[in-house]
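If you read the sequence shown in numbering that gives the first Met the number 0, its first letter stands for residue 0, the second for the next number, and so on.
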Amino acid sequence: MGGFIMDRILQVLRCPYSGAPLHRADGYLEGGLYRYPVVDGIPWLLAEERLSELDRHFQQQYGEETARKYDAVIRLQSLLIGCWEPAERRRMVDLLSGVQGGRILEIAVGTGANLPWLARLAGPSGEIVAVDLSPAMMRVAQHQAE
0 MGGFIMDRIL QVLRCPYSGA PLHRADGYLE GGLYRYPVVD GIPWLLAEER LSELDRHFQQ
60 QYGEETARKY DAVIRLQSLL IGCWEPAERR RMVDLLSGVQ GGRILEIAVG TGANLPWLAR
120 LAGPSGEIVA VDLSPAMMRV AQHQAE
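In structure tokens form, the structure reads like this:
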């Protein structure tokens with residue numbers, strides 16, 4: 000994540016545990032009592048020691064192999080239930096309004112399958128901030144966003 004983009008995102012990011020504003024420090028983001036690594040341009044805002052067992056389970060469930068296959072599996076499942084998943088994603092995003100040039104937060108971004116539709120909605124001056132528990136899913140989403 001480039002310096003300009005990181006600076007823009009830092010305006011809204013907060014430490015998830017203390018609520019303190021975050022600032023850059025030697026490849027990390029710091030806020031309150033915590034330091035968060037920035038890996039391949041992605042701020043990793045989880046203190047591993049504070050993850051719940053359920054969150055840890057989901058993190059392990061959505062690893063590298065699952066992240067690579069996820070979109071194909073979801074598309075196949077959507078056909079089996081009689082819909083086309085990309086069209087449904089576009090339809091859901093079309094229901095949103097008032098964000099042209101604004102900021103969109105997508106929680107549980109997964110592989111970023113909504114990002115192309117959200118980018119069109121936000122427009123060239125808009126921003127999308129996406130978060131997920133799985134580093135593998137975030138890497139796929141980052142590639143999707145490029």
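Glycine included, every Cβ here is placed at the ideal spot set by N, Cα and C.
Just so you know, the alpha carbons of Gly122 and Lys68 end up roughly 29 Å apart.
For Val128, the enclosing beta strand (DSSP E) has its first and last residue at Glu126 to Val130.
Per DSSP, the beta bridge partners of Val38 are Ile41. Glu29: member of the beta strand (DSSP E) spanning Tyr27 to Gly30, first to last residue. Secondary structure remark: continuous alpha helix (DSSP H) runs of at least 4 residues inside the stretch 38-115, in chain order: 52-60, 63-79 and 84-93. Taking 7 Å as the cut-off, the Cβ atoms of Met136 and Tyr61 count as close. Where Ala24 is concerned, the enclosing beta strand (DSSP E) starts and stops at His22 to Ala24. A distance below 8 Å between beta-carbons, with the five flanking residues on each side excluded, links Phe57 to the following residues of its chain, in chain order: Leu132 and Ser133.
Look at the beta carbons and you see the stretch 75-90 touching the stretch 106-117: at least three pairs across the two are nearer than 8 Å. For Arg138, the enclosing alpha helix (DSSP H) stretches over residues Pro134 to Ala144.
Residues Ile106 and Val108 of the same chain have their beta carbon placed closer than 7 Å to that of Val130, with the five preceding and five following residues left out of the count. Beta-bridge partners assigned by DSSP to Tyr16: none are found.
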